[in-house]
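Protein chains in written order, with my numbering: chain G, 2 to 195; chain E, 2 to 195; chain U, 2 to 195; chain F, 2 to 195.
Here the structure comes first, spelled out in structure tokens, and everything after it is commentary.
There are 4 protein chains.
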Amino acid sequence: MHKSRLEAFSDGVIAIIITIMVLELKVPHGDTVSVLTPLWPVALSYVLSFVYLGIYWNNHHHMLHACTRVTGGILWANLHLLFWLSLVPFVTGWLGENHFASVPAAVYGVVMLMAAIAYYILQQTIIASQGPDSLLKKAVGGDWKGKASPVLYLLAILIAPFGRYVSMALYVVVALIWLVPDPRIERTLSSKDA
Amino acid sequence: MHKSRLEAFSDGVIAIIITIMVLELKVPHGDTVSVLTPLWPVALSYVLSFVYLGIYWNNHHHMLHACTRVTGGILWANLHLLFWLSLVPFVTGWLGENHFASVPAAVYGVVMLMAAIAYYILQQTIIASQGPDSLLKKAVGGDWKGKASPVLYLLAILIAPFGRYVSMALYVVVALIWLVPDPRIERTLSSKDA
Amino acid sequence: MHKSRLEAFSDGVIAIIITIMVLELKVPHGDTVSVLTPLWPVALSYVLSFVYLGIYWNNHHHMLHACTRVTGGILWANLHLLFWLSLVPFVTGWLGENHFASVPAAVYGVVMLMAAIAYYILQQTIIASQGPDSLLKKAVGGDWKGKASPVLYLLAILIAPFGRYVSMALYVVVALIWLVPDPRIERTLSSKDA
Amino acid sequence: MHKSRLEAFSDGVIAIIITIMVLELKVPHGDTVSVLTPLWPVALSYVLSFVYLGIYWNNHHHMLHACTRVTGGILWANLHLLFWLSLVPFVTGWLGENHFASVPAAVYGVVMLMAAIAYYILQQTIIASQGPDSLLKKAVGGDWKGKASPVLYLLAILIAPFGRYVSMALYVVVALIWLVPDPRIERTLSSKDA
Numbered sequence: 002m003h004k005s006r007l008e009a010f011s012d013g014v015i016a017i018i019i020t021i022m023v024l025e026l027k028v029p030h031g032d033t034v035s036v037l038t039p040l041w042p043v044a045l046s047y048v049l050s051f052v053y054l055g056i057y058w059n060n061h062h063h064m065l066h067a068c069t070r071v072t073g074g075i076l077w078a079n080l081h082l083l084f085w086l087s088l089v090p091f092v093t094g095w096l097g098e099n100h101f102a103s104v105p106a107a108v109y110g111v112v113m114l115m116a117a118i119a120y121y122i123l124q125q126t127i128i129a130s131q132g133p134d135s136l137l138k139k140a141v142g143g144d145w146k147g148k149a150s151p152v153l154y155l156l157a158i159l160i161a162p163f164g165r166y167v168s169m170a171l172y173v174v175v176a177l178i179w180l181v182p183d184p185r186i187e188r189t190l191s192s193k194d195a
Numbered sequence: 002m003h004k005s006r007l008e009a010f011s012d013g014v015i016a017i018i019i020t021i022m023v024l025e026l027k028v029p030h031g032d033t034v035s036v037l038t039p040l041w042p043v044a045l046s047y048v049l050s051f052v053y054l055g056i057y058w059n060n061h062h063h064m065l066h067a068c069t070r071v072t073g074g075i076l077w078a079n080l081h082l083l084f085w086l087s088l089v090p091f092v093t094g095w096l097g098e099n100h101f102a103s104v105p106a107a108v109y110g111v112v113m114l115m116a117a118i119a120y121y122i123l124q125q126t127i128i129a130s131q132g133p134d135s136l137l138k139k140a141v142g143g144d145w146k147g148k149a150s151p152v153l154y155l156l157a158i159l160i161a162p163f164g165r166y167v168s169m170a171l172y173v174v175v176a177l178i179w180l181v182p183d184p185r186i187e188r189t190l191s192s193k194d195a
Numbered sequence: 002m003h004k005s006r007l008e009a010f011s012d013g014v015i016a017i018i019i020t021i022m023v024l025e026l027k028v029p030h031g032d033t034v035s036v037l038t039p040l041w042p043v044a045l046s047y048v049l050s051f052v053y054l055g056i057y058w059n060n061h062h063h064m065l066h067a068c069t070r071v072t073g074g075i076l077w078a079n080l081h082l083l084f085w086l087s088l089v090p091f092v093t094g095w096l097g098e099n100h101f102a103s104v105p106a107a108v109y110g111v112v113m114l115m116a117a118i119a120y121y122i123l124q125q126t127i128i129a130s131q132g133p134d135s136l137l138k139k140a141v142g143g144d145w146k147g148k149a150s151p152v153l154y155l156l157a158i159l160i161a162p163f164g165r166y167v168s169m170a171l172y173v174v175v176a177l178i179w180l181v182p183d184p185r186i187e188r189t190l191s192s193k194d195a
Numbered sequence: 002m003h004k005s006r007l008e009a010f011s012d013g014v015i016a017i018i019i020t021i022m023v024l025e026l027k028v029p030h031g032d033t034v035s036v037l038t039p040l041w042p043v044a045l046s047y048v049l050s051f052v053y054l055g056i057y058w059n060n061h062h063h064m065l066h067a068c069t070r071v072t073g074g075i076l077w078a079n080l081h082l083l084f085w086l087s088l089v090p091f092v093t094g095w096l097g098e099n100h101f102a103s104v105p106a107a108v109y110g111v112v113m114l115m116a117a118i119a120y121y122i123l124q125q126t127i128i129a130s131q132g133p134d135s136l137l138k139k140a141v142g143g144d145w146k147g148k149a150s151p152v153l154y155l156l157a158i159l160i161a162p163f164g165r166y167v168s169m170a171l172y173v174v175v176a177l178i179w180l181v182p183d184p185r186i187e188r189t190l191s192s193k194d195a
């Protein structure tokens with residue numbers, strides 16, 4: 002029961018974050034196609050962040066599936082992750098309205114980096130709570146995605162002042178890396194069910 | 002459990018979309034009936050989109066009832082559907098504030114068409130996950146509604162530049178077609194329960 | 002399971018409506034007590050609508066507890082109720098910003114009357130779905146509250162042009178009538194459990 | 002079942018409150034670091050309120066775990082708590098936009114004091130509903146945190162006109178006191194499960 006309420010709260014917060022983001026797409030004045038075209042950077046950054054939040058929800062879903070009991074530490078590590086995700090609509094709007102300018106592109110990466118670190122902390126907190134035979138630890142394994150993402154975010158932040166489109170391309174690359182659901186966790190969990 | 006979290010997340014997103022739409026109904030200045038009357042196109046488009054989202058929630062509810070296990074593909078097909086639905090408040094506000102002008106009427110149809118396609122993809126993904134004896138496949142059957150809707154949306158988009166009220170009428174027709182819950186799915190599911 | 006998803010969706014929508022209302026309380030410019038005082042009509046109308054929505058959630062909760070199976074008609078009767086409730090933040094904001102002026106006071110009553118009618122329709126739809134031995138029918142009994150409320154709303158709407166504070170008082174009276182949870186339903190349900 | 006719907010509704014409202022708060026962080030005009038810096042008081046007050054709401058959610062979660070049946074009184078005591086929490090985004094925004102000025106700092110304390118009182122009322126209502134052998138009563142025990150918080154809030158309100166940063170420090174102290182989940186409730190509940 003404990004866990005289902007943690008899931009429900011996280012689902013609620015992520016669902017609200019993902020939907021609130023679209024409020025940055027302000028209804029334009031005028032009824033022609035030409036009033037829509039200036040919205041493309043906001044729309045594009047919305048799509049990118051929607052995919053990111055979808056990835057987080059998806060992975061969060063898998064991770065909690067492998068979590069057997071909820072401790073106070075897990076609750077707070079989860080809230081810490083939700084805090085950084087709650088800043089996504091803000092940086093998404095800022096990024097879009099400034100046409101992917103250097104500073105917003107770097108700040109976008111900072112929020113994503115912090116969210117990735119928060120996710121890692123949550124994962125380690127769950128593993129620690131499960132003891133030496135942690136199911137999640139086996140499921141996560143080498144976790145190259147979890148290790149590669151912060152490096153790529155850091156790279157994108159450092160590159161942003163010189164080539165903001167390279168930074169944006171890196172964010173797309175990280176999204177693509179994660180878009181495929183993690184076969185290791187699914188496999189480990191299936192073998193448990195079997 | 003997997004499925005219940007997918008349902009909860011979808012319910013959350015659709016509930017937020019449906020409620021956020023009403024924020025486009027801005028509180029008018031002044032306290033007379035005359036300040037309310039200019040709001041009727043926004044109010045009307047709100048009613049139309051409320052019904053559409055109600056239909057999507059209702060059908061989504063029936064479809065997931067016939068879904069037995071959640072794969073990564075189903076998760077993403079579902080997020081894809083939620084993405085297009087999340088754009089409904091934007092196009093609804095734009096449509097209403099411009100009194101059903103041609104371009105917003107066409108763009109409204111484009112979002113509805115994309116949502117219908119996303120729904121179809123989700124349906125096929127669930128059917129594919131169920132193998133040759135798919136319960137959902139039997140329940141859906143010929144699916145004339147699912148085939149007629151995109152055609153009517155396309156028609157409405159093409160007609161919009163010449164007769165925007167014909168387009169609006171077509172949107173109302175699609176809503177009416179779906180308003181009746183699908184007896185086939187209910188029947189197939191009932192016979193399964195029996 | 003059907004029912005739990007209907008409850009979850011309704012809870013979601015009512016929770017969002019109740020929270021979105023507070024967005025009408027705009028953060029004032031200035032940091033003195035004097036910038037807060039003009040907000041009292043908005044704050045008061047917020048309190049009134051918060052109580053109303055709390056009553057609806059509470060009664061909805063009891064009513065669905067006495068509902069055994071969900072039909073298509075119940076789904077739509079429920080969405081119809083949620084539609085009228087979704088207009089509450091709009092009329093609440095309009096009422097507050099115009100210091101309980103006559104027209105907003107009357108329109109507030111119209112939305113409340115429509116919500117009461119929608120609630121009644123939902124109740125009758127559930128009772129009809131349960132056949133002659135309807136548990137809910139026994140639980141509701143004479144339903145004097147359900148009959149008195151629309152009459153009082155209608156009275157408040159008619160009186161609003163002449164004495165808006167009388168109308169406001171009537172809305173408070175209706176809220177007070179409902180504030181007490183219905184002992185009949187609780188008793189009937191308890192005897193069922195026993 | 003009763004209880005799970007109360008939890009779901011509370012989770013929904015708290016999730017929305019926590020996420021809506023971030024809307025006070027308005028996307029700034031301009032794309033330089035210098036447009037971000039004026040946002041630090043809003044960001045800081047957001048962090049503080051995020052932690053407070055996380056504490057409330059966490060404690061609410063524990064308290065309801067020790068609640069065995071839901072009465073009408075508990076429903077309304079819970080809504081009363083949610084009412085005060087729903088004002089948190091408003092006072093947070095006001096506090097941040099005025100750089101922790103005296104009056105907003107005091108009003109922030111008033112809302113926090115009222116929420117603490119509402120939480121206490123909810124706790125006592127649950128204890129009363131459980132009779133003399135109340136599980137929650139044993140779990141809460143001396144409840145020094147629940148007694149210290151209102152005193153510290155009151156102190157912060159009274160000090161605000163003279164030293165607003167002392168008030169802010171007191172709010173941080175209260176948050177730190179609660180940040181640690183209550184070992185007494187966890188222990189009592191564990192011993193019950195054992």
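From the three backbone atoms N, C-alpha and C, an ideal C-beta is built for every residue, glycine too.
Predicted, not measured: the structure shown is a model, and the values here were computed from it.
DSSP-derived helix/strand/coil call for H100 (chain E): coil
Contact list for the region 103-121 of chain F against chain U, Cβ threshold 8 Å: S103, V104, P105 and V108
A107 (chain U) versus G55 (chain U) - alpha carbon distance: So the two alpha carbons sit approximately 21 Å from each other.
Contact set between I127 (chain U) and chain E, taken where Cβ atoms lie within less than 9 Å: Those within 9 Å of I127 (chain U) in chain E number zero; the least Cβ separation is about 16 Å.
Close beta carbons around H61 (chain E), own chain, < 7 Å, minus the five adjacent residues each side: S11
Anticipated Cβ contact below 8 Å, T33 (chain U) with V104 (chain F), distance rounded: 6 Å
Distance cut-off 7 Å: D144 (chain F) Cβ against heavy atoms of the ligand ZN: For the ligand ZN, the structure offers nothing, since it holds no ligand at all.
Any C-beta of chain G under 8 Å from that of A16 (chain F): Yes, contact with chain G.
Coil, strand or helix - V111 (chain F) by DSSP: helix
Proximity below 8 Å, CB of C68 (chain E) to CB of K139 (chain E): no
Residue closest to A116 (chain E), alpha-carbon to alpha-carbon, out of E:L88, E:L96 and E:G132: E:L88
Residues that A9 (chain U) contacts on chain E, provided the C-beta gap is smaller than 9 Å: E8, A9, D12, G13 and A16
Nearest-angstrom Cα separation, counted from H66 (chain G) out to A9 (chain U): 21 Å
Inter-residue CB distance, N79 (chain F) and L7 (chain F) (contact presumed, cutoff 8 Å): 6 Å
Same chain, Cβ closer than 6 Å to I167 (chain F), five either side skipped, listed in chain order: The sequence as given places Val at residue 167 (chain F); Ile does not occur at that position. Counting only Cβ-Cβ distances below 6 Å, and skipping sequence neighbours, we find I160.
Range covered by the alpha helix (DSSP H) that runs through F84 (chain G): Note, F84 (chain G): alpha helix (DSSP H), G73 to S87.
Simplified DSSP state of F163 (chain G), which is helix, strand or coil: coil
Residue-level contact to chain E via CB, D194 (chain U), 8 Å cutoff: Confidence at D194 (chain U) is low in this model, with a pLDDT of 48, below 50, so its placement is unreliable and no value can be given for it.
Where P133 (chain E) falls, given that 16 or more other Cβ within 10 Å makes a residue buried: exposed
Of the listed residues U:T93, U:L123 and U:N99, nearest to V52 (chain U) (C-alpha basis): Of all alpha-carbon atoms in U:T93, U:L123 and U:N99, the one lying nearest the alpha-carbon of V52 (chain U) is that of U:T93.
Distance between beta carbons of K146 (chain U) and W95 (chain U), contact taken as under 8 Å: With a Cβ gap of about 27 Å, W95 (chain U) and K146 (chain U) do not count as contacting.
Nearest-angstrom Cα separation, counted from M22 (chain F) out to I19 (chain E): 20 Å
Cutoff 7 Å; reference P151 (chain E); Cβ partners in own chain excluding five residues on either side: Closer than 7 Å at the Cβ level, and outside the excluded window around P151 (chain E), lie L114, A117 and I118.
Whole-Å CB distance - Y154 (chain U) paired with G110 (chain U), under 8 Å assumed: 5 Å
Assumed close pair V48 (chain U), E98 (chain F) - CB separation to whole angstroms, cut-off 8 Å: Rounded, the Cβ-Cβ distance is 24 Å, inconsistent with contact.
CB contact check: S87 (chain U) to chain E, cutoff 8 Å: yes
Neighbour flag for F163 (chain G) against chain F, beta carbons, 8 Å: no
Residue environment, P90 (chain E), which counts as buried when at least 16 other CB atoms sit within 10 Å: buried
Distance CB(A1 (chain E))-CB(I17 (chain U)) smaller than 8 Å: Past the edges of chain E, shown from 2 to 195, lies residue 1 (chain E), and the structure says nothing about it.
Pairwise C-alpha distance: V141 (chain E) and A129 (chain E): 13 Å
Chain G contact for V174 (chain F) (CB, 8 Å cutoff): no
Range covered by the alpha helix (DSSP H) that runs through M22 (chain G): Premise fails: M22 (chain G) is in no alpha helix (DSSP H) and is neither H nor E.
Sequence-distant residues of the same chain with beta carbon closer than 7 Å to L82 (chain E), five excluded per side: A116, A119, Y120 and L123
As assigned by DSSP and simplified to three states, the class of H62 (chain E): DSSP places H62 (chain E) within a helical segment (H, G or I) once states are collapsed to three.
T93 (chain G) in three-state terms, based on DSSP: In the structure shown, T93 (chain G) sits in a helix (DSSP, three-state: H, G or I).
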